[in-house]
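Each residue of the sequence shown is one higher than the one before, counting from 19 in the numbering used here.
Notes to accompany the following structure.
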Amino acid sequence: MEVIIQPSPEDCAALGARIIGKLVKQKADTVLGLATGSTPLPLYGELVRLHRDGKLDFSGVTSFNLDEYIGLSGDHPCSYRYFMQQELFKDINIESERTYVPDGLADDIARHCLAYEQAILDCGGIDLQILGLGTDGHIGFNEPGSSLGSRTRIKTLTGKTREDNARFFDTIDEVPRHCITMGVATIMDCRQILLFAFGEGKAEIIAKAIEGPVSAMVPASILQMHPDVTIFIDEAAASSLKNRDYYREVFEGKPSWQSI
Ligand code: GLP
Numbered sequence: 019m020e021v022i023i024q025p026s027p028e029d030c031a032a033l034g035a036r037i038i039g040k041l042v043k044q045k046a047d048t049v050l051g052l053a054t055g056s057t058p059l060p061l062y063g064e065l066v067r068l069h070r071d072g073k074l075d076f077s078g079v080t081s082f083n084l085d086e087y088i089g090l091s092g093d094h095p096c097s098y099r100y101f102m103q104q105e106l107f108k109d110i111n112i113e114s115e116r117t118y119v120p121d122g123l124a125d126d127i128a129r130h131c132l133a134y135e136q137a138i139l140d141c142g143g144i145d146l147q148i149l150g151l152g153t154d155g156h157i158g159f160n161e162p163g164s165s166l167g168s169r170t171r172i173k174t175l176t177g178k179t180r181e182d183n184a185r186f187f188d189t190i191d192e193v194p195r196h197c198i199t200m201g202v203a204t205i206m207d208c209r210q211i212l213l214f215a216f217g218e219g220k221a222e223i224i225a226k227a228i229e230g231p232v233s234a235m236v237p238a239s240i241l242q243m244h245p246d247v248t249i250f251i252d253e254a255a256a257s258s259l260k261n262r263d264y265y266r267e268v269f270e271g272k273p274s275w276q277s278i
């Protein structure tokens, strides 16, 4: 696990976009795992900029989103399908039939979840997964207590997550109670993971996820067991980390062959 502390979310986004850019150049049919929430917005802005400047071609890329609210259609402004369309897909040249987001209106949710897992396998697995972090430690929508071996399935959102996400809705009562999310094990199968977290509000949970014990009560802590994870955080999100000086030293002293 590599922890990279940068002055601002924009600096983190620039580095993350460079990693994605390199990968897509090497492998035109890259399979990306994508996240929603406010955290990936600077990253998506940077990817759009690179694409507009002619430096990033998404024509061969496939994407799988982590999660979706149950009960919201893809054209509902609070659905994650809509979010992805507005914040990324409409501004890059990704083929829309290669953008997968769980269907919050699926009739048979269990079957839909199995098909989602199968679609990931059929594409050869996810090369690189983008993650944000919930203030309760969730990744995707894998709330505390989620099985560390879980696959794509229905979950019930915690009160804390519904409160955190109420800012996107008119009232908290409109925040759905259920979602479909890739499981913890689905995320762990991704070949490379980039997690982003910004602001003081994430400092405590970042410290638990990176330096605390691995526990289903902090689902993001399982990333300690993944062989290729990079955590991008700003100074505020890094403020509770015991080893933050060491992480800085490692990044500053990176040998050139390891540079991003
Ligand atoms: C949601 C998403 C997560 C995201 C988290 C953090 O609950 N399902 O994938 O990481 O929120 O949100 P934000 O980036 O807005 O802090």
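Here a beta-carbon is modelled for each residue, glycine too, at the ideal position from N, C-alpha and C.
Worksheet item: When the Cα atoms are used, what is the spatial distance from Asp191 to Asn111?
Response: 36 Å
Worksheet item: Which one or two residues does DSSP pair with Ile148 in a beta bridge?
Response: Leu212
Worksheet item: Are Ile144 and Arg209 closer than 9 Å when you measure CB to CB?
Response: yes
Discussion item. Count Cβ pairs between the stretch 20-27 and the stretch 249-266 that sit closer than 8 Å; are there 3 or more?
Written reply: yes
Discussion item. Considering Cα atoms alone, identify which of Leu212, His69, Trp275 and Asp47 is closest to Gln147.
Written reply: Leu212
Fill in: Length of the line joining the Cα atoms of Ala35 and Leu61
6 Å
Discussion item. In the DSSP output, which residue or residues are listed as bridge partners for Thr189?
Written reply: Thr189 is not bridged to any residue.
Discussion item. If I follow the unbroken beta strand (DSSP E) through Arg171, where does it start and stop?
Written reply: Arg171 to Thr174
Fill in: Contact set for Leu65: own chain, Cβ-Cβ below 6 Å, skip 5 residues either direction
Ala35
Worksheet item: Among residues of its own chain, excluding the 5 on either side of Gly89, which ones have a beta-carbon nearer than 8 Å to its beta-carbon?
Response: Gly122, Leu123, Pro194 and His196
Practice prompt. Name the residue from Gly167, Glu181 and Gln276 whose alpha carbon lies nearest to the alpha carbon of Asp207.
Written response: Gly167
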